[in-house]
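**Student:**
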Amino acid sequence: MELLKQRILQDGKCFPGGILKVDSFINHQMDPALMYNIAQEFARLFQDKGINKIVTIEASGIAPAIFVGYIMHLPVVFVKKKEPKTMHNMLSTSVHSFTKDREYKVCISADFLSSDDKVLFIDDFLANGNAALGMLDLIEQAGAEIKGMGFIIEKAFQSGGTILRDKGIHVESLAIIEDLSNCRIVIR
Ligand code: 5GP
332 MELLKQRILQ DGKCFPGGIL KVDSFINHQM DPALMYNIAQ EFARLFQDKG
382 INKIVTIEAS GIAPAIFVGY IMHLPVVFVK KKEPKTMHNM LSTSVHSFTK
432 DREYKVCISA DFLSSDDKVL FIDDFLANGN AALGMLDLIE QAGAEIKGMG
482 FIIEKAFQSG GTILRDKGIH VESLAIIEDL SNCRIVIR
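Just so we're aligned: the sequence shown equals residues 332 to 519 in our numbering.
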């Protein structure tokens with residue numbers, strides 16, 4: 332997506348360890364117009380997949396996911412990173428956080444993810460694919476079906492994209508970063 336690529340080159344910052352900071356338009360301050368364009372592109376790419384639910388993981392996936400749900404007229408559920416005391420029928424799994432380098436438990440209520448659901452998963456970044464694999468585990472526990480995964484930014488020098496595509500999952504990433512070494516952003 333050209334608009335997104337230009338914005339990453341203009342405002343993205345790289346950090347040691349292969350981290351791209353986009354907190355002036357995606358991860359902290361957000362550009363709603365860009366986010367809406369991103370969501371339109373996801374809606375276009377996944378329009379014929381028979382999806383009936385958008386699922387994401389808090390916090391940064393929520394903004395794009397809610398716009399996708401709005402455009403596709405579908406409900407949006409987000410996986411929680413803290414276990415609420417009041418959650419009914421909880422499904423949970425463990426995810427390794429790339430940015431925080433620790434394991435954490437994530438959960439979703441089976442009231443909102445069930446065997447009726449054909450899921451589109453939306454997230455901000457695809458790095459090693461740990462969040463996405465956690466999502467697949469929750470989807471399997473619920474007896475739901477994954478129809479596609481959409482990422483705003485994929486880092487091609489990490490393994491997540493290959494792992495997910497090798498599983499036969501329809502993965503779409505709107506900007507693919509080839510390299511961040513020497514603090515230079517190289518986009519495919
Ligand atoms: P994965 O689970 O694919 O290993 O990592 C994806 C998650 O880690 C994303 O949801 C995002 O929150 C975070 N992440 C991974 N790489 C980056 C990065 O380069 N920049 C930022 N801002 N977040 C990242």
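Cβ coordinates follow ideal geometry from the N, Cα and C atoms, glycine included. All of these numbers come straight from a predicted model, not from anything done at the bench.
Please give the ranges of any alpha helix (DSSP H) in the segment 441-510, keeping only runs that are unbroken, at least 4 residues long and fully inside the region.
**Tutor:** 461-473, 491-497
**Student:** Throw me the rounded Cβ distance for the residue 335 and residue 505 pair, which I believe falls under 8 Å.
**Tutor:** 5 Å
**Student:** Report yes if the C-beta distance between residue 460 and residue 491 is below 9 Å; otherwise report no.
**Tutor:** yes
**Student:** Counting Cβ pairs closer than 8 Å, one from the segment 447-458 and one from the segment 482-490, do we hit at least three?
**Tutor:** yes
**Student:** Which word fits residue 395, buried or exposed, when buried means at least 16 other C-beta atoms lie within 10 angstroms of its C-beta?
**Tutor:** buried
**Student:** Output yes or no for whether 9 Å exceeds the beta carbon distance between residue 399 and residue 439.
**Tutor:** Result no, Cβ atoms of residue 399 and residue 439 do not sit closer than 9 Å.
**Student:** What first and last residue would you give for the beta strand (DSSP E) that runs through residue 382?
**Tutor:** Here residue 382 belongs to no beta strand (DSSP E), and DSSP marks it neither H nor E.
**Student:** Roughly how many angstroms separate the alpha carbons of residue 361 and residue 354, rounded to a whole number?
**Tutor:** Approximately 8 Å, taken between the alpha carbons.
**Student:** Where does residue 414 sit, in a helix, a strand or coil, going by DSSP?
**Tutor:** coil
**Student:** Can you tell which of 471, 442, 397 has its C-alpha closest to the C-alpha of residue 424?
**Tutor:** 471
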